[in-house]
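Right, one structure below, let's go through it.
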Amino acid sequence: MFGFLKGLKITFAQLAHKKVTLQYPDVMPNWGERYRGVHKFYAEKCIVCNQCARICPTSCISLSGSKREDKKLHIDTYDINFEICILCDLCTEVCPTEAIQMTDRFELATYSRVDLYKNIYWLDENARKHDGIIESEGRTHAGGEK
């Protein structure tokens, strides 16, 4: 009987608390500043040093570059396999030019594993969406801002 009353006390105490349910996906949660979501990539900053690919513990990053007329390396391909990526943030920490960064985007669910292979164009579009250059799906964050 004592256990029942103890449980009832906890239940009634929770009734006074504010509800924390969000109407997802219309209202997105506010993540902390250090939340690690899907990458964004700035191709113009990349110097093709290959440090991100070397430090990756799952070897999910592959990139290639070529020299152009200005004798500098320029990025040609940059691919991430999110099927095996563990979002460890090591690639962003080692990048000397901050060409690759983490976002707060977390939605990667797909019907096919092939869709988890993301290339430089998808990563660039993700960067522009995150920076507000491209309008996203019209969702608001939990704080009310879009």
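By the numbering used here, the letter at position 78 of the sequence shown is numbered 762, and the numbering carries on one by one without gaps. For glycine and all other residues, C-beta sits at the position ideal for the given N, C-alpha and C.
Leaving out the 5 sequence neighbours to the left and right, which residues in its chain are closer than 6 Å to residue i when beta-carbon positions are compared?
i, result
"S748", "D760, T761"
Could you say which of the options lies nearest to residue i if we only look at CA atoms?
i, options, result
"Y708", "F790, W806, I804, N810", "F790"
"A793", "V711, G716, V722, M712", "V722"
"Y805", "H814, A727, T742", "A727"
"L807", "I784, G816, L689, S796", "I784"
"C775", "A697, N714, I739", "I739"
"N714", "Y795, T787, I818, I817", "T787"
"E782", "E753, K751, V711, Q735", "Q735"
"A737", "F688, V778, G816, I694", "V778"
"P780", "G816, S750, D710, I731", "I731"
"K751", "G687, P741, S743, C733", "C733"
"Y719", "S796, Y795, L771", "L771"
With burial defined as no fewer than 16 other Cβ atoms inside 10 Å of the residue's Cβ, what is the status of residue i: buried or exposed?
i, result
"F725", "buried"
"P685", "A small fix is needed here, since residue 685 is Met in this sequence, not Pro. That one is exposed."
"S745", "In the sequence under discussion, the amino acid at residue 745 is Ile, which differs from the Ser named in the question. The residue in question, I745, is buried, as its Cβ has 16 or more Cβ neighbours within 10 Å."
"N810", "buried"
"H814", "buried"
Does at least one heavy atom of the ligand MN sit under 6 Å from the Cβ of residue i?
i, result
"T787", "As far as ligands go, the structure on display features none, and thus does not contain the ligand MN."
Below 8 Å CB to CB, which residues in the same chain sit around residue i once its five sequence neighbours on both sides are set aside?
i, result
"L699", "none"
"K729", "T781, E782, A783"
*Which whole runs of the alpha helix (DSSP H) in the region 685-735 are 4 residues long or more, in chain order?*
686-699
_Ignoring anything shorter than 3 residues, give me the beta strand (DSSP E) runs that lie fully in the region 748-796, in order along the chain._
757-765, 784-786
*Tell me, please, whether the region 793-802 touches the region 756-776 by the rule of three or more beta-carbon pairs shorter than 8 Å.*
yes
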